[in-house]
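Residue numbers (the numbering used here): 2 to 200. Using N, Cα and C, we set each Cβ at its ideal position, and we do this for glycine too.
Structure follows, in structure tokens:
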């Protein structure tokens, strides 16, 4: 549902009740709008028109953050005001899951995927390491070099975007190893028969 919502519990039903779909296909009853000015402790006001809905917890959506140029820093649990560079600490609380889903409920394989949740959750490099084994290949002699190969602009742009994403996710890291081929601020390894005759 688009728009920032401010949720109230135990609302009186009125004639102007509307319905909105939540991301998990359930229906949220709405009761019009209300204009409020929030004080978040950032030395400026945040006027906004909220949608009143039949739910128990208030939610500020991304459009609110975009409008007031605010950032949520998840790691340190704080809100950052980009305009004033001020920060305010947030508070964590426990609450029942709101049931967000990336799978449509009437999808024929929905129940099957629920039995194996790891399939739809990217693990990346966040899996805990439960062993002390380090794997490495010892090499001798200077690295084998290949002539530079120019890529088309489209392929070069796509490759840079992909490597930037891998770096940001922590899957790759910058390397100064002479066996790596430099590419901007990062390096890649080329699997060629010249560098490894067993490939």
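| Asked | Found |
| --- | --- |
| Cβ contact (3+ pairs, closer than 8 Å) linking the stretch 77-89 and the stretch 57-65 | no |
| Limits of the beta strand (DSSP E) - the one that residue 47 falls within | 46-55 |
| Alpha helix (DSSP H) runs contained entirely in the stretch 58-88, provided each spans 4 or more residues | 63-68 |
| DSSP three-state assignment for residue 37, whether helix, strand or coil | strand |
| Nonlocal neighbours in the same chain, by C-beta distance under 6 Å from residue 136, ignoring five residues either side | none |
| Alpha-carbon to alpha-carbon, residue 89 and residue 42 | 7 Å |
| Residue 31, DSSP secondary structure in three states | strand |
| Residue(s) in a DSSP beta bridge with residue 90 | 79 |
| Between the CA atoms of residue 66 and residue 133 - distance to the nearest angstrom | 43 Å |
| Same chain only: Cβ atoms within 7 Å of residue 68, ignoring 5 sequence neighbours per side | none |
| Residue 164 (DSSP reduced to helix, strand or coil) | helix |
| 6 Å CB neighbourhood of residue 39 in its chain, flanking five on each side removed | 47 |
| Pair within 8 Å by beta-carbon distance, residue 1 and residue 139 | This structure gives no information on residue 1, because the portion of the chain shown stretches from 2 to 200. |
| Cβ-Cβ separation, residue 157 to residue 164 (assumed contact under 8 Å), whole Å | Contact flag wrong, Cβ pair sits at about 11 Å. |
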